[in-house]
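Working notes, beginning with the structure itself.
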Amino acid sequence: MGNNLRQFREKRGFTQTELSTAVGISRQYLSDIETLKKQPTIKIAFDCARVLKVSIEELFYYI
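Numbering-wise, full-length UniProt numbering puts 35 at position 35 of the sequence shown, and it's gapless, one number per residue.
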């Protein structure tokens, strides 16, 4: 999810601070998710998808 999350965040014009605030997590936790140091909870994953206006499947899709 991490790399997809970063790509969608950047494509939508969000900074890490803006997205983390919208989702209700710390910027560091979001950074850790994007760099695959931590896995998000299901709720956080769905919240990120909602804010970024993408499906949960798109966030977790691996090519």
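Virtual Cβ for every residue (Gly too), placed ideally from N, Cα, C. Being a predicted model, the structure only gives us computed values, none of them experimental.
Tell me whether residue i is buried or exposed, calling it buried when 16 or more other Cβ atoms sit within 10 Å of its Cβ.
| i | result |
| --- | --- |
| Glu34 | buried |
| Ile44 | buried |
| Leu59 | buried |
| Leu5 | buried |
By DSSP, does residue i sit in helix, in strand, or in coil?
| i | result |
| --- | --- |
| Thr17 | helix |
| Arg9 | helix |
| Leu36 | coil |
With a CB to CB cut of under 8 angstroms and the five nearest residues on each side skipped, what residues in its chain are close to residue i?
| i | result |
| --- | --- |
| Leu19 | Arg9, Leu30, Cys48, Val51, Leu52 |
Can you name, in chain order, every residue of its own chain whose Cβ lies under 7 angstroms from the Cβ of residue i, other than the five neighbours on each side?
| i | result |
| --- | --- |
| Phe46 | Ile56 |
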